[in-house]
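Numbering of the sequence shown is given in my numbering, commencing with residue 2 and proceeding in unit increments.
Notes for the one structure printed next.
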Amino acid sequence: MKLPLRWTKNTLLFGGIAAWGLLLVSCVSVNRAVFAPPSVPGAKFAGSQACAECHDDKTTGFHDATHAKMMAPGDNAKEIGCESCHGPGSLHVKSGGGAGTIVNPGTSPETCYQCHLDKRAEFDLPSAHPVKNGQMSCSDCHDSHQGNSILTGGTNLAGINDTCLKCHNAQAGPYAFEHEAVREGCVTCHSPHGSVNARMLKTTNANLCLQCHSQTQTAAGVIVIGGRDHAGSLNRGTCWTAGCHEGVHGSHVNNSLRF
Ligand code: HEC
Ligand code: HEC
Ligand code: HEC
Ligand code: HEC
Ligand code: HEC
Ligand code: HEC
Ligand code: HEC
Numbered sequence: 002m003k004l005p006l007r008w009t010k011n012t013l014l015f016g017g018i019a020a021w022g023l024l025l026v027s028c029v030s031v032n033r034a035v036f037a038p039p040s041v042p043g044a045k046f047a048g049s050q051a052c053a054e055c056h057d058d059k060t061t062g063f064h065d066a067t068h069a070k071m072m073a074p075g076d077n078a079k080e081i082g083c084e085s086c087h088g089p090g091s092l093h094v095k096s097g098g099g100a101g102t103i104v105n106p107g108t109s110p111e112t113c114y115q116c117h118l119d120k121r122a123e124f125d126l127p128s129a130h131p132v133k134n135g136q137m138s139c140s141d142c143h144d145s146h147q148g149n150s151i152l153t154g155g156t157n158l159a160g161i162n163d164t165c166l167k168c169h170n171a172q173a174g175p176y177a178f179e180h181e182a183v184r185e186g187c188v189t190c191h192s193p194h195g196s197v198n199a200r201m202l203k204t205t206n207a208n209l210c211l212q213c214h215s216q217t218q219t220a221a222g223v224i225v226i227g228g229r230d231h232a233g234s235l236n237r238g239t240c241w242t243a244g245c246h247e248g249v250h251g252s253h254v255n256n257s258l259r260f
């Protein structure tokens with residue numbers, strides 16, 4: 002992630018997981034990244050604790066969330082994770098939730114782009130999830146309010162797959178012949194935000210598959226993949242076109258993943 006160094010009156014510091022690790026190991030000063038949260042005219046940071054009084058449904062699971070590690074700089078550094086996305090909340094707290102006193106990112110990704118600049122570019126790529134036109138939002142896949150922000154909470158890829166399968170049930174199976182690669186995770190082959198390649202694929206050639214299925218040349222003119230000579234096949238297209246392994250997600254008819 003590329004970050005702009007923008008010092009404004011609302012700048013935050015981030016002591017990330019890696020940075021804390023460094024602190025424990027070395028006890029030397031930590032190189033912390035600087036971010037600009039949204040602003041609310043006239044308001045100051047109140048700290049995440051202040052939100053718990055009225056929004057405990059949001060604060061309960063927040064302690065282990067990535068964004069909970071945001072701090073306001075200065076001597077009385079407070080944990081202001083909530084306000085990193087919602088803007089400083091002092092007026093909101095004082096007025097007991099008065100209208101127009103807090104930012105609600107809602108379904109617009111603009112608040113997120115303020116710190117995640119590179120994501121705007123990813124959703125601009127030719128094959129991308131339709132976030133740009135408002136059909137989808139970051140919240141469809143990320144939970145801002147608890148744990149690791151990948152929706153369904155898990156840090157493992159099975160959790161990611163569940164998120165994808167909410168909408169893409171055609172890929173869910175069960176198939177008579179499963180492709181174990183899918184268990185490894187949809188993001189082994191797809192870039193979840195966007196890609197220059199059609200179908201949001203990470204690569205459009207055999208390399209997508211060869212990262213797991215190694216290719217060996219046993220003799221001149223013989224290229225073995227998965228125990229079979231592929232020398233005559235590799236120039237006919239990609240592994241999943243050319244009338245070969247079209248059932249990349251699994252097949253009902255053939256254990257070589259064919260339709
Ligand atoms: C004294 C109670 C109280 C405190 C403290 C409080 N809120 Fe609220 N908040 C409310 C009420 C009341 C509403 C409006 C009713 C609703 O939508 O739930 C609200 C609404 C919101 C909304 C939705 C606003 C919208 O326009 O949709 C957000 C976001 C929010 N609060 C964030 C925070 C954050 C962040 C903090 C801590 C800095 C905080 N609140 C502290 C009472 C409070
Ligand atoms: C990573 C950014 C982010 C952080 C950090 C964050 N929120 Fe939110 N919050 C959102 C987004 C996006 C929405 C609107 C969509 C949704 O509900 O997920 C939202 C919605 C809300 C709402 C309105 C919910 C409703 O039902 O309309 C409240 C209240 C709220 N957040 C409070 C908090 C509190 C309290 C914290 C800290 C414990 C917090 N948020 C931390 C991004 C964030
Ligand atoms: C004030 C700056 C800031 C804002 C605003 C912000 N983030 Fe983040 N976000 C961070 C930082 C810092 C990290 C941790 C460093 C990293 O992963 O590069 C992070 C990490 C993440 C991660 C990955 C790490 C994880 O496991 O949770 C996701 C996903 C994420 N943010 C989503 C969002 C979404 C969605 C929004 C808008 C609703 C948002 N962020 C708004 C600063 C911000
Ligand atoms: C279609 C689902 C989906 C949508 C929509 C989505 N993300 Fe993600 N995002 C993911 C998945 C899955 C990962 C984990 C990727 C991995 O582990 O390889 C991820 C990872 C991240 C990360 C951490 C790793 C990285 O790439 O930097 C950040 C930050 C992030 N997303 C921010 C956002 C923001 C901001 C938005 C909205 C503008 C957004 N995401 C929308 C699925 C999504
Ligand atoms: C909230 C629903 C939703 C979730 C969750 C979701 N997607 Fe999508 N996905 C869509 C929509 C909508 C499209 C655009 C469909 C279109 O353009 O026809 C799409 C398109 C795609 C495409 C391109 C399809 C094509 O024909 O070009 C791929 C690949 C894809 N998603 C993979 C994923 C992966 C991987 C995940 C999990 C990280 C995921 N999706 C999560 C709704 C979702
Ligand atoms: C082994 C690599 C691989 C994995 C893992 C994978 N995909 Fe795909 N996916 C592909 C390829 C290759 C295509 C393009 C197929 C084509 O063009 O005929 C594709 C196409 C798609 C499409 C477009 C519609 C279609 O079927 O052609 C969607 C949606 C999709 N994948 C979703 C997912 C989801 C959701 C997961 C996780 C459950 C996933 N993929 C896991 C390789 C993979
Ligand atoms: C994440 C690793 C991974 C990736 C990437 C991957 N595969 Fe697989 N694939 C496996 C595993 C594991 C098996 C089951 C064990 C085996 O047969 O090697 C398998 C099995 C297969 C089989 C069945 C082999 C048999 O004889 O039973 C075919 C065909 C296949 N994969 C094709 C592909 C194609 C085409 C791609 C690229 C679109 C691909 N694989 C990408 C891991 C992967």
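Glycine included, C-beta positions come from ideal geometry on N, C-alpha and C.
F46 beta carbon near ligand 3 (any heavy atom closer than 6 Å): no
Cβ neighbours of S91 in the same chain (closer than 6 Å, five flanking residues each side left out): A44, K45, A47
Relative to the C-alpha of V132, which residue among A182, P193, A73 is closest? P193
Would you kindly check if the distance between the Cβ of H231 and the Cβ of I224 is under 7 Å? yes
Tell me whether R259 sits in a helix, a strand or coil according to DSSP, three-state version. Residue state, collapsed to three classes: coil.
Answer yes or no: do L126 and G195 have a C-beta to C-beta separation smaller than 7 Å? yes
Nearest by alpha-carbon distance to V188: which of R229, H250, S145 is it? H250
Simplified DSSP state of L24, which is helix, strand or coil: A caution first: L24 carries a pLDDT of 33, below 50, which makes its placement in the model unreliable, though a value can still be read off. Correct three-state label for L24: helix.
Here's the rule: buried if 16 or more other CB atoms are within 10 angstroms of the residue's CB, otherwise exposed. What is A73? buried
Span of the alpha helix (DSSP H) around A182: 181 to 185
Helix, strand or coil: how does DSSP classify E80 here? strand
So, do the region 82 to 101 and the region 50 to 66 have three or more beta carbon pairs nearer to each other than 8 Å? These segments touch.
Under 8 Å by Cβ, that's how I've got S145 and H68 pegged, so tell me the actual separation to the nearest angstrom. Sure, about 7 Å apart at Cβ, within 8 Å.
For N162, does the count of other Cβ atoms within 10 angstroms reach 16, so buried, or fall short, so exposed? buried
Closer than 6 Å to a non-hydrogen atom of ligand 2 - does that hold for the CB of C52? Yes, Cβ of C52 sits closer than 6 Å to a heavy atom of ligand 2.
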